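J.:
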Amino acid sequence: MVEIKSPREIEHMRRAGQIVAGVLRELAAALRPGVTTADLDRLAERLIREAGAEPAFKGYQGYPATICTSINDEVVHGIPSPGRVVRDGDIVSIDVGARYQGYYGDSAATFAVGDVPAEVRRLLEVTRESLYAAIAEARPGRRLGDIGHAVQRLVEAAGFSVVRDYAGHGIGRAMHEDPQVPNYGTPGTGLRLRPGMVLAIEPMVNAGGYEVRVDPDGWTVRTMDGSLSAHFEHTVLVTEGEPEILTAGAF
Ligand code: MF3
Ligand code: CO
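Following this line, the structure appears as structure tokens:
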């Protein structure tokens, strides 16, 4: 069952989204060689709590931290650690979730630390563009297949690949609600979108093949072939008109 949010719920979700966006911006500003992913996690938790919200990921199915930090060939769900030092030339995906008045916001972005080769910058740009192409499809009458197709078309035309094993999701009073929002699909197929639906759209894009595996820690997802991976995510409200990005300003 896909929920339609009431105006009151949407007000809370706007606030949750704006807290997440502000935290992700602050984390991007703190990202530099020498910082540890545990430093970023601590900063994120402090900022979320100061904003009157709670970390959404901590304790979720036993997840031990506030944010996910996924570096280079790590795709998503990397666990922050005091032993993990950010280096010049890394790409770092940071995923932030917060709960405010019982409602969730969720956003992620991949940042380059220092100078990275043009091909790596292109991976980040294409992934971010594929998210915005998908958001442009988040309108009444369009279907989930249109969203997935928008991501897949752009990514594959650029010579990269779309991760299949993880998807975006509905979001609201739970972090993961129906429907699943795959990053591939066939236009004109799947659930028809309606005003009041809120979707976390989150393309995960590999420079090499789309296959991924999970580390022995049970969380860290990385590319099977060791290629780099990027991840961008916004929480998006379907309206009668233009899609509203509830986490706008995050990146
Ligand atoms: N943004 C991710 C998601 O949509 C974050 C989940 S991390 C977890 O699933 F630890 F909370 F699972
Ligand atoms: Co998400």
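Note that the numbering used here has the sequence shown beginning at 772, numbered continuously upward. We put the beta carbon where it would ideally sit given N, CA and C, even for glycine. Values in this document were obtained by computation on a predicted structure and should not be read as measured data.
(1) Starting from the C-beta of Lys776, find all residues in its chain whose C-beta is less than 8 Å away, skip the five residues before and the five after it, and write them out in chain order.
(2) Assign Pro804 to buried or exposed, taking buried as 16 or more other Cβ atoms, counted over all protein chains shown, within 10 Å of its Cβ.
(3) Can you confirm whether the stretch 906-918 touches the stretch 882-897 when touching is taken to mean that 3 or more C-beta pairs between the two stretches lie within less than 8 Å?
(4) Based on Cα-Cα distance, which residue from Asp877, Asp886 and Glu1013 lies nearest to Phe828?
(5) So, using beta-carbon positions, are Val791 and Glu948 closer together than 9 Å?
(6) Taking the alpha-carbon of Met975 as reference, which of Gly997, Thr991 and Glu1004 has the nearest alpha-carbon?
(7) Touching or not, the stretch 951-958 and the stretch 878-895, by the rule of three or more beta carbon pairs under 8 Å?
(8) Should Ala879 be listed as close to ligand 3, given that the test is whether its C-beta is under 8 Å from any heavy atom?
(9) Would you grab the beta carbon distance between Ile918 and Glu927 for me? Rounded to a whole angstrom, and I think it's under 8 Å.
(10) Does the stretch 861-871 come close enough to the stretch 981-997 to have 3 or more Cβ pairs within less than 8 Å?
(11) Looking only at its own chain, which residues have a Cβ that is under 8 Å from the Cβ of Gly873, when we skip the five neighbours before and after it?
(12) Please report the straight-line C-alpha distance between Met946 and Gly997, rounded to a whole angstrom.
(13) Does chain C have any CB closer than 9 Å to the CB of Leu798?
(14) Could you tell me which uninterrupted beta strand (DSSP E) segments, each at least 3 residues in length, are contained entirely in the stretch 800-870, listed from first to last along the chain?
(15) Does the Cβ of Pro853 have 16 or more other Cβ atoms within 10 Å, making it buried, or fewer, making it exposed?
(16) Since Val922 and Ala905 are thought to touch, with beta carbons under 8 Å apart, how far apart are those beta carbons, to the nearest angstrom?
(17) Could you name each continuous beta strand (DSSP E) segment of 3 residues or more that falls completely within the stretch 895-919, going from the start of the chain to the end?
T.: In terms of the structure at hand:
(1) Met784, Gly943, Gly967, Met968, Val969 and Leu1008
(2) exposed
(3) no
(4) Asp877
(5) no
(6) Glu1004
(7) no
(8) Absence of ligand 3 from the depicted structure is noted, with ligand 1 and ligand 2 being the only ligands included.
(9) Actually they do not touch by this definition, with Cβ atoms about 15 Å apart.
(10) no
(11) His783 and Arg944
(12) 29 Å
(13) This model lacks chain C altogether; it includes just one protein chain.
(14) 838-842 and 845-847
(15) exposed
(16) 5 Å
(17) none
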